[in-house]
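Before any comments, here is the structure.
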Amino acid sequence: MHPLFIMMAVVALGGALLSVKQRAPEALPWIFAIAALGMIYRFWSVQRDDAAARGEGLIDHEVLRKMRLRDYGSWIKENVRGQDAAVDLIVHSIQRGLELARPGRSLGSFLLVGPTGTGKTFLAQMTAMALWPEKEPVILRMNQFKDPYDLQALLGATGGAETGSLTGALLEDPYRVVLLDEIDKCHPDVLHGLFEALDGGHIRDKASSKMVDFSGCVFFATCNSGAERLRALKAADSATFAARARDALIKDAGFEKAFLARFSEIVLMDALAPIHIAEIACLQIAKQWREQGIEVSYLSPELLARAVALNAEFGEYGVRQLARCLRRLMDPLLDEARKKGSSAVSLGFDPSTGGATLMLAAERR
Ligand SMILES: Nc1ncnc2c1ncn2[C@@H]1O[C@H](COP(=O)(O)OP(=O)(O)OP(=O)(O)O)[C@@H](O)[C@H]1O
Ligand SMILES: [Mg+2]
């Protein structure tokens with residue numbers, strides 16, 4: 034503002050106050066009181082805008098401190114089979130994170146390492162469902178960020194029209210599970226750009242210039258490389274696993290020490306034992322039939338053994354292909370049951386056909 038204009042304004046204001054003093058002196062205290070209130074309000078709104086620009090006040094940590102994930106531990110284990118140790122570790126760690134929720138600290142960050150199809154992505158999804166059932170986790174396929182400039186796609190580009198895929202999702206809702214899938218496949222510069230987020234700090238979305246607070250987030254990152262060395266470490270001495278797992282991943286997955294230091298836990302999610310594959314087959318068969326409105330009241334052990342054998346054929350893919358194989362086996366039976374109008378069935382195994390054919394053992398109307 035031009036100094037001359039300020040001088041004129043001061044003179045005009047002084048003149049106005051003098052004439053008020055002469056004509057209605059009793060109004061002066063009121064004028065000063067209103068002016069003081071106006072100044073206090075202005076000071077408060079500037080402070081509030083500064084806090085919003087720093088990303089403060091977006092997250093109610095008191096609400097987080099009251100959440101109880103530990104009550105859902107057994108529900109997660111019912112869904113994610115054969116990974117009880119991993120589930121216990123993660124649930125316990127997030128529960129601690131919730132109890133200690135505060136700015137500048139994420140609720141937990143976990144690097145899940147294991148072969149394909151062992152439930153890494155599924156565990157992240159189930160944890161998200163247990164924490165915030167009405168919200169989808171933010172799933173970022175990190176193999177799409179192979180170039181250093183791809184960081185802009187995650188955090189927004191200066192002057193860009195669209196917010197970043199990570200920052201934009203968090204601006205919509207700061208209480209989220211974020212899954213960084215296949216993290217070993219992205220460019221190291223992209224990983225560097227995520228350090229602040231993994232720590233639970235603040236990052237400014239470059240497109241909207243808005244601050245994003247990561248202290249209401251749980252991070253999962255998944256990676257296939259390094260599983261063998263971690264398995265050997267676990268078998269040799271589980272007590273030193275936590276201490277040496279990071280060194281193993283520096284060698285095998287090529288991660289930097291500074292990046293691995295950002296994770297609260299490194300978790301091995303190893304290949305599933307046959308008994309757990311049978312359990313998953315059992316769950317998936319029941320689910321496939323339930324989707325058609327039919328309850329499976331009995332499943333023969335031979336059928337589950339067949340499911341495990343089938344999975345061995347696709348062993349390389351973990352249980353990823355299991356649902357598809359089972360669907361192929363079940364579809365003819367499902368058609369038959371639907372035609373008969375069955376609402377509940379028992380599923381058996383027909384050895385007369387060499388074990389490859391399934392049969393409807395019994396049905397109730
Ligand atoms: N331990 C498990 N318990 C129950 N279901 C499982 C388990 N593991 C895998 N599944 C089933 O298989 C599907 C594929 O698993 P998921 O995507 O979690 O594998 P992944 O370990 O992330 O593999 P990748 O490394 O290839 O990404 C899941 O959606 C789920 O239906
Ligand atoms: Mg996955």
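With the sequence shown counted from 1, adding 33 to any position gets you our numbering.
Glycine is no exception: its CB is placed at the ideal position from the N, C-alpha and C atoms.
Item: Helix or strand or just coil, what does DSSP make of His220?; Value: coil
Item: Any chance the CB of Gln321 is under 7 Å from a heavy atom of ligand 1?; Value: no
Item: Can you tell me the Cα-Cα spacing of Thr191 and Arg209, whole angstroms?; Value: 24 Å
Item: Return the CA-CA distance between Gly47 and Tyr74, expressed in angstroms with no decimal places.; Value: 23 Å
Item: Have a look at Lys153 and Met302 and give me their C-alpha separation to the nearest angstrom.; Value: 7 Å
Item: How many Å lie between Glu215 and Leu145 at the Cα?; Value: 10 Å
Item: I need the DSSP call for Met100, collapsed to helix, strand or coil.; Value: coil
Item: Short check: CB of Gly150 to CB of Tyr350, under 8 Å?; Value: yes
Item: Spatial neighbours of Arg397 within its chain, please: C-beta separation below 6 Å, excluding the five flanking residues on both sides.; Value: In this prediction, Arg397 has a pLDDT of 46, which is less than 50 and means its spatial position is unreliable; what the coordinates show is noted afterwards. These residues qualify, in order along the chain: Ala377.
Item: Return the first residue and the last residue of the alpha helix (DSSP H) that Ser107 is part of.; Value: Gly106 to Asn112
Item: Would you mind stating whether Ser248 and Arg138 have Cβ atoms separated by less than 8 Å?; Value: yes
Item: Using the three-state DSSP reduction, which class does Phe253 fall into: helix, strand or coil?; Value: strand
Item: Determine which residues share a DSSP beta bridge with Arg339 and list them.; Value: DSSP, once it has assigned bridges, lists no residue as partnering Arg339.
Item: Quick check on DSSP: helix, strand or coil for Leu122?; Value: helix
Item: Just the C-alpha distance for Ala370 and Ile172, rounded to the nearest angstrom, thanks.; Value: 38 Å
Item: Which residues does DSSP pair with Glu309 in a beta bridge?; Value: The identity of residue 309 in the sequence shown is His, whereas the question assumes Glu. In the DSSP output, where bridge partners are listed per residue, His309 has none listed.
Item: CB Leu102 to CB Leu133, shorter than 8 Å?; Value: no
Item: Which residues have their C-beta within less than 6 Å of a heavy atom of ligand 2, listed in chain order?; Value: Lys153, Thr154, Asp214 and Thr255
Item: So, with DSSP's three-state summary, where would you put Ser375?; Value: coil
Item: How do the segment 252-266 and the segment 276-289 stand: do at least 3 beta-carbon pairs fall below 8 Å, yes or no?; Value: yes
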